[in-house]
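Going down the list, the sequences are from chains A and B.
When we follow this note's numbering, the leftmost residue of the first sequence carries the number 1, and every step to the right adds one.
When we follow this note's numbering, the leftmost residue of the second sequence carries the number 1, and every step to the right adds one.
Beta carbons: idealized from backbone N, C-alpha and C, even for Gly.
Predicted, not measured: the structure shown is a model, and the values here were computed from it.
As structure tokens, the structure follows; a few thoughts come after it.
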Amino acid sequence: MIVAILVILVTLGSVAFHMWSPWWWSEIASNWVGMDDTIILTFWITGAVFVAIGLFMAYCIWKYKYNKDKRADYEPENSKLEWALTIITTIGVIALLAPGLIVWKNFVTVPKGAYEIEVVGQQWYWMYRLPGKDGVLGTTDIKNINDDNPFGLNTDDPHSVDDILIDADDLHILKDQTLKLNLRALDVLHDFYVPQFRAKMDMVPGMITYYWFTPIKTGTFEILCAEYCGTGHYSMLGYVIVDEEEDYNEWLSEQMTFEETLASNGKSDLIKIALNKKNDL
Amino acid sequence: MAADSYDDVAKNKDSIPSLEVPPQDLYHAKSWWTKYIFCQDAKVIGIQYALTAVAIGMVGLVSSWLMRMQIAFPGVIPMEAGAYYQLVTMHGMIMVVYLLTALFLGGFGNFLIPLMVGARDMVFPYVNMVSFWVFFLAVIILAASYFVPGGPTGAGWTLYPPQAITSGTPGGDGLGIVLMLVSLAVFVIGFTMGGLNYVITILQARTRGMTLMRLPLTVWGIFTATVLALFAFPALFVAGIMMTLDNMLGTSFFMPAIVEFGERLTYDGGSPILFQHLFWFFGHPEVYIVALPAFGIVSDLISVHARKNIFGYRMMVWAIVVIGALSFIVWAHHMYVAGMNPWFGFFFATTTLIIAVPTAIKVYNWVLTLWRGNIKLTIPMLFAIAFIITFVNGGLTGLFLGNVAVDVPLSDTYFVVAHFHMVMGIAPVLVILGSIYHWFPLITGRFLNERLGRIHFWVTFIGSYSIYFPMHYLGFMGVTRRYFEVFEGDNFTYSIIGINQFITVAALITGAVQFLFFYNIIVSSKFGKKAGKNPWKACSLEWQTPDVPPTHGNFGKDLPVVYRWAYDYSVPGADKDYITQDTPPSAVANAKAEQT
């Protein structure tokens with residue numbers, strides 16, 4: 001009796017915790033509402049199964065408690081019941097999987113015209129690069145990295161000279177502008193994650209990964225590194241600030257291009273080839 | 001041939017298949033050393049495995065206490081970030097490999113397989129003995145890493161390169177990671193010796209009449225898990241060797257060109273994701289290496305203590321086999337956001353969710369075994385019930401993480417931590433605890449203390465559920481795992497300090513009550529209530545030995561002959577509510593047992 005009651009308490013207590021506890025996700029700030037919807041759907045289906053099994057078990061414990069004068073049923077198999085349960089389960093699984101795969105299809109299909117920017121992770125801070133006036137990110141190579149060229153831009157690539165380099169943990173983006181984040185790591189794995197945007201993807205040294213999203217709310221959102229990257233992992237934080245156009249342009253006008261950065265250090269001759277090529281374009 | 005014809009009962013004779021192989025003599029211990037240390041008796045080896053696994057498991061348990069203290073009450077136990085990550089890493093690796101794998105396969109496998117299939121011992125007793133000592137060596141190497149400069153590796157139990165072998169990670173540029181990988185390689189060698197033994201014993205050394213479809217599900221679970229391990233561990237083995245070469249000789253299997261702290265390392269062209277594929281090709285089957293023995297054992301616990309045959313035995317066997325096979329084509333669901341080709345997501349999400357079907361069948365059949373049973377709420381039964389609740393909970397959250405689009409926001413958060421602890425930490429551990437209460441009378445001839453056992457059960461179950469159930473909700477908020485300082489995120493909907501303190505207190509209590517359990521084991525093995533023969537009135541062969549505890553060679557002069565499956569409980573017409581596997585049909589002529 002006590003055991004049956006406790007099984008019921010654990011089952012219904014879990015449901016109550018879900019309904020009334022204050023720990024829940026913060027309001028979404030990107031286009032990935034589909035992810036939230038799929039999670040809610042998954043909650044309904046799995047929650048129903050959890051409650052059904054818990055309560056049925058409690059019933060069995062209460063109803064079929066040991067009695068030395070009674071015997072249990074002898075029924076090794078019941079293929080009708082077993083097949084019925086298998087089919088119902090399969091339908092439930094399809095109901096979860098299908099919407100999930102549709103959302104995933106959207107996630108892996110970057111819309112045409114998405115604004116491409118780059119996020120770079122290294123132990124234990126973030127850097128960002130915008131494509132500049134030509135709208136194209138210059139190519140990079142890890143071998144080019146040095147104090148003058150922290151991003152490793154190819155100095156003979158005409159697209160690199162006007163790239164805007166942001167060597168800081170905070171990034172401003174424009175509300176309602178669809179972004180494709182090109183993700184790059186210089187040393188170990190990292191992961192650019194903003195809980196309110198829902199999306200995340202590991203950054204892997206030696207390759208460029210990506211994901212896309214559209215911010216739908218202005219505000220300041222915290223960046224967390226989501227892939228363990230060594231002793232300083234927990235301190236690899238930053239902010240994404242989603243601006244309206246006016247604020248965004250003001251911030252943008254304060255940032256320097258690769259060309260300007262080098263010029264301020266008196267190192268403009270490093271990108272002479274790229275500048276010549278650019279003039280020829 | 002099998003003796004499965006109940007027509008023989010009508011003719012009033014029992015068909016006994018003939019011996020295929022003449023009986024073989026065992027090696028008999030000649031001294032204290034060969035009896036207790038370099039012992040070739042699988043039962044003693046099983047206990048050696050279990051004690052060693054639990055001993056190193058205590059290091060894992062204490063590590064988790066220290067971690068939880070840092071998360072909830074930072075500063076109470078002074079700790080640097082590096083030390084925290086070393087605790088995280090060693091906790092994970094110890095619990096998954098050195099405790100759970102070694103305990104289920106090396107411990108329960110050795111003790112139960114020969115007894116349950118009706119064999120005198122494993123088929124290669126000497127290799128079996130060596131297997132344990134190689135495992136012991138692996139544990140020593142692992143423990144040694146605590147005493148080298150820089151300490152053990154802090155790379156996380158997944159040991160992802162490049163960070164595992166670079167200087168930003170504790171132990172990454174020292175001996176910590178080297179010893180970790182060597183220890184794993186030695187573990188795999190030791191396991192292979194034991195694993196081949198378990199598989200061949202089950203296939204070749206079953207007693208007469210013990211057909212495969214009459215094996216207790218415990219044996220099916222351990223058998224399938226061992227086969228998985230024999231296929232999966234080589235992937236870990238080669239990954240470990242390749243990473244060691246990268247680390248020691250400067251090869252670039254997993255290491256691309258990188259710049260660490262401004263310094264260009266000499267590596268070029270390797271792929272960190274290749275390591276992840278190899279690791280999870282081992283790592284996912286590993287989950288089932290732990291889960292399948294638990295599935296099998298819990299089926300037997302439920303059946304014995306509900307006095308009812310396991311519902312849908314054949315479906316249960318097939319579910320175990322199908323889950324085992326599928327577990328090899330789902331590994332990349334651990335890598336949805338790892339940067340692999342995103343189109344893989346479709347395939348791996350589909351295969352992963354398909355696994356839910358055979359797994360759900362198992363759950364239904366456990367619950368349907370209780371249905372119309374005659375349920376004795378013994379301690380093993382309580383643990384079995386708790387297992388079903390935690391396993392259902394943890395299994396269902398797997399449907400979140402397996403479904404690729406849902407995984408994106410939840411991956412690398414506390415939701416993942418909560419999920420896998422519930423499903424492959426708590427659930428299997430509850431089965432282990434229940435089965436120790438169940439088989440303790442066979443091992444020692446005495447019961448564990450009932451009152452202490454019930455306290456132990458309730459605190460462990462409620463405590464562990466309180467740790468991991470709320471933890472899922474931290475994940476929904478986006479609290480990332482493996483953070484040394486758990487911060488108050490600017491945008492979290494509610495403070496996470498209070499809930500973390502609650503979880504830590506629950507973890508400390510749940511951990512502490514295990515020492516009550518150890519006390520119970522030590523005291524009861526000497527002073528516990530005498531159990532006598534077959535105290536639970538079970539059908540399977542391990543309880544039918546002439547001596548309790550069973551002696552070397554298990555079955556006295558003659559091996560038993562098996563006439564039925566292991567689940568003839570409450571057969572209509574029989575005098576007792578159980579018919580043991582070695583009872584001939586003529587002895588229970590009135591029983592209306594189905595052909596099995």
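For Glu227(A), name the three-state secondary structure that DSSP assigns. Looking at Glu227(A) - three-state DSSP - the assignment turns out to be coil, as it is neither helix nor strand.
What does Asp187(A) touch in chain B if you count any residue whose Cβ is under 9 Å from its own? Near Asp187(A) (Cβ distances below 9 Å), the residues of chain B are Pro162, Gln163, Thr166, Gly168, Ile258, Val259, Glu260, Phe261 and Leu265.
Which of the residues in the segment 4 to 21 of chain A, read from start to end, lie with their CB under 9 Å from any CB of chain B? Leu6, Val7, Val10, Thr11, Gly13, Ser14, Phe17, His18 and Ser21
Using 8 Å as the threshold, is the segment 202 to 210 of chain B in touch with the segment 559 to 567 of chain B, meaning 3 or more CB pairs across them? yes
Distance, Cα to Cα, Ala143(B) vs Ala185(B)? Computed Cα separation, rounded: 15 Å.
Whole angstroms is fine: what's the gap from Gly238(A)'s alpha carbon to Val317(B)'s? 52 Å
Can you tell me which of the three DSSP states Phe484(B) falls into? coil
Just mark Arg564(B) as buried or exposed, buried being the case when its beta carbon has 16 or more other beta carbons within 10 Å. buried
Using a Cβ-Cβ distance cut-off of 8 Å, determine whether Lys65(A) contacts chain B. yes
Does the Cβ-Cβ distance between Lys65(A) and Ile375(B) come in under 8 Å? yes
Can you give me the start and stop residues for the alpha helix (DSSP H) that Ile164(A) sits inside? Where Ile164(A) is concerned, there is no enclosing alpha helix (DSSP H), although the beta strand (DSSP E) it sits in stretches over Ile164 to Ile166.
May I ask you to verify whether the segment 70 to 87 of chain A touches the segment 45 to 56 of chain A, counting CB pairs closer than 8 Å and requiring at least 3? no
Whose CA, out of Pro99(A), Asp170(A) and Lys70(A), lies closest to the CA of Phe346(B)? Pro99(A)
Hey, quick one: how far does the beta strand (DSSP E) through Glu118(A) stretch, first residue to last? Tyr115 to Gln122
From the DSSP output, which residues share a beta bridge with His190(A)? Per DSSP, the beta bridge partners of His190(A) are Met203(A).
Report buried or exposed for Ser540(B), applying the criterion of at least 16 other Cβ atoms within 10 angstroms of its Cβ. buried
Taking all protein chains shown into account, do 16 or more other C-beta atoms lie within 10 angstroms of the C-beta of Asn67(A), making it buried, or fewer, making it exposed? exposed
Please confirm whether Ala418(B) has its beta-carbon closer than 8 Å to some beta-carbon of chain A. no
Give me the chain A residues within the contact set of Leu399(B), using Cβ-Cβ distance strictly less than 7 Å, ordered along the chain. Thr42, Thr46 and Leu96
Indicate whether Pro205(A) and Pro272(B) have their beta-carbon atoms separated by less than 8 Å. Result yes, Cβ atoms of Pro205(A) and Pro272(B) sit closer than 8 Å.
Does DSSP put Thr257(A) in a helix, in a strand, or in coil? strand
Assigned secondary structure, Thr580(B) (DSSP; H/G/I helix, E/B strand, else coil): coil
Give me the Cα-Cα distance between Thr413(B) and Thr201(B), rounded to the nearest whole angstrom. 43 Å
Using the beta-carbon of each residue, which ones in chain B are nearer than 8 Å to Pro111(A)? Going along chain B, no residue has its Cβ under 8 Å from Pro111(A), so there is no contact; the nearest lies around 15 Å.
For Glu20(B), three-class secondary structure by DSSP: coil
For Glu227(A) and His190(A), what's the separation of their Cα atoms in angstroms? Per the coordinates, the alpha-carbon of Glu227(A) lies some 5 Å from the alpha-carbon of His190(A).
Hey, is Asp7(B)'s beta-carbon within less than 8 Å of any beta-carbon in chain A? Confidence at Asp7(B) is low in this model, with a pLDDT of 47, below 50, so its placement is unreliable and the value that follows should be read with caution. Answer no: the Cβ-Cβ gap between Asp7(B) and chain A never drops below 8 Å.
Residue environment, Lys267(A), which counts as buried when at least 16 other CB atoms sit within 10 Å: Answer is exposed; the Cβ neighbour count stays below 16.
To which residues does DSSP link Ile462(B) through a beta bridge? The partner list for Ile462(B) (beta bridge, DSSP) is empty, contrary to what the question assumes.
Outcome for Leu203(B) when other beta-carbon atoms lying within 10 angstroms are tallied against a minimum of 16: exposed
Straight-line gap, Met58(B) to Thr350(B) (C-alpha atoms, nearest Å): If you take the alpha carbons of Met58(B) and Thr350(B), they lie about 38 Å apart.
In chain order, which beta strand (DSSP E) runs of at least 3 residues are fully inside the segment 307 to 383 of chain B? Fully enclosed beta strand (DSSP E) runs of 3 or longer: not present.
Quick one: grab the DSSP three-state call for Lys180(A). strand
Close Cβ partners of Gln40(B) (< 8 Å) along its chain, the five nearest in sequence each way excluded: Leu26, Tyr27, Ala29, Thr34, Asp121, Pro125, Tyr126, Asn128 and Met129
As assigned by DSSP and simplified to three states, the class of Leu130(A): DSSP, read as helix, strand or coil, puts Leu130(A) in strand.
Between which two residues does the alpha helix (DSSP H) harbouring His18(A) extend? Ile2 to Trp20 is the extent of the alpha helix (DSSP H) around His18(A).
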